[in-house]
Structure formats: C-alpha cells, structure tokens
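Visitor: After the structure tokens below, expect a handful of questions from me.
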Amino acid sequence: MTKSHESKMLSQVRRWRKKVYQADKAKPLSERAKEDEKVAQEFGLPLVQTHKLSPDR
C-alpha cells in the first residue's frame with residue numbers, strides 16, 4: 070500500500086468518525102446513556118456515568 074493510499078484511507082476514516090460523533094451528539098442524553106449501558110453490559114465492563122441526565126429526561 071502506498072503512503073498516498075494510506076493517507077486517503079485515513080481521511081475517509083476521519084470523516085466517518087466525525088459524522089458518527091456528530092450524529093451521536095444529536096441524540097438525547099437519555100438515549101446515549103441507554104446505549105452506553107448496553108455496550109458496558111455486552112462486554113462486561115463497569116458503567117462509568119459520562120452524561121449528566123436532567124430529572125426531566
């Protein structure tokens with residue numbers, strides 16, 4: 070693989086990750102928290118609360 074090809078691939082990955090990140094940030098905090106909990110359970114990981122949920126959510 071040439072460096073140019075690797076660079077193009079990395080650019081594509083960065084664009085994809087940015088889109089995913091923005092889509093995730095657009096979700097309600099409660100939905101993101103549920104998804105985090107599901108992934109933690111699936112992999113047997115401790116759940117670290119990263120989102121501050123307001124009482125109305």
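Counting along the sequence shown from 1, when you hit position 15 you're at 84 in this note's numbering, and nothing is skipped either side.
Backbone N, C-alpha and C define an ideal beta-carbon position, used for all residues, glycine too.
How about Glu106 and Leu116: are their beta carbons less than 9 Å apart?
Guide: yes
Visitor: With Leu114 as the anchor, note down where its alpha helix (DSSP H) starts and where it stops.
Guide: No residue range can be given for Leu114, since it is assigned to no alpha helix (DSSP H) and is classified by DSSP as neither H nor E.
Visitor: Please classify Lys94: does DSSP put it in a helix, a strand, or coil?
Guide: Residue state, collapsed to three classes: helix.
Visitor: Between Arg101 and Asp93, which are expected to be in contact by the criterion C-beta below 8 Å, what is the C-beta distance as a whole number of angstroms?
Guide: So it is a contact: roughly 7 Å between Cβ atoms.
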